[in-house]
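Novice: Have a look at the structure that comes next, please.
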Amino acid sequence: MDGETAALLAARAVCQDIGLGTRSEVEGARTLWRIARLVPEVEPELRTFAGLVSEWDDDREHRAHFEEEIRSAALRFSQRGEDA
1202 MDGETAALLA
1212 ARAVCQDIGL
1222 GTRSEVEGAR
1232 TLWRIARLVP
1242 EVEPELRTFA
1252 GLVSEWDDDR
1262 EHRAHFEEEI
1272 RSAALRFSQR
1282 GEDA
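Using this note's numbering, the letters of the sequence shown correspond one by one to residues 1202 to 1285.
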């Protein structure tokens, strides 16, 4: 298995954890960004999470909104390709 495939599988697992509530949205988004930094080929697909966690860090009043956005993005990512 190549690094890109492994990174995408790891990212999908993190997204599933977020969706199940076994990992917090913010912790998950930070983990996804670390994966993206380790495997630059997947960075474009995971960049959304970096932006959302950055917004979460900067805007304390709207953290619940960004957590929901992270959760929604994680669910979309974890379901990609399931119909294929």
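The beta-carbon is built from N, C-alpha and C at its ideal position, and this holds for glycine as well. Nothing here was measured: the structure is a model prediction, and the numbers come from that model.
(1) What distance in whole Å lies between the Cβ atoms of Ile1271 and Ala1211, which are believed to be in contact at a cut-off of 8 Å?
(2) For a test of the three-state rule: what should DSSP assign to Arg1264, helix, strand or coil?
(3) Taking the straight line between their C-alpha atoms, what separation do you get for Arg1238 and Trp1257?
(4) In the DSSP assignment, find the alpha helix (DSSP H) that holds Thr1232 and state where it starts and stops.
(5) So Thr1206 is in the alpha helix (DSSP H); what residue range does that whole segment cover?
Specialist: In short:
(1) Translated into the one-based positions of the sequence shown, residue 1211 becomes position 10. Translated into the one-based positions of the sequence shown, residue 1271 becomes position 70. So it is not a contact: roughly 17 Å between Cβ atoms.
(2) Numbered from 1 along the sequence shown, position 63 holds the residue referred to as residue 1264. Three-state DSSP puts Arg1264 in a helix.
(3) For the purposes of this step, residue 1238 is taken as the residue at position 37 of the sequence shown. For the purposes of this step, residue 1257 is taken as the residue at position 56 of the sequence shown. Looking at the two C-alpha atoms, the distance is approximately 19 Å.
(4) Residue 1232 sits at position 31 when you count from the first residue of the sequence shown. Per DSSP, Thr1232 belongs to the alpha helix (DSSP H) from 1226 to 1239.
(5) Reading the sequence shown from its first residue, position 5 is the one you call residue 1206. In the DSSP annotation of this structure, the continuous segment of the alpha helix (DSSP H) that includes Thr1206 starts and ends at 1204 to 1221.
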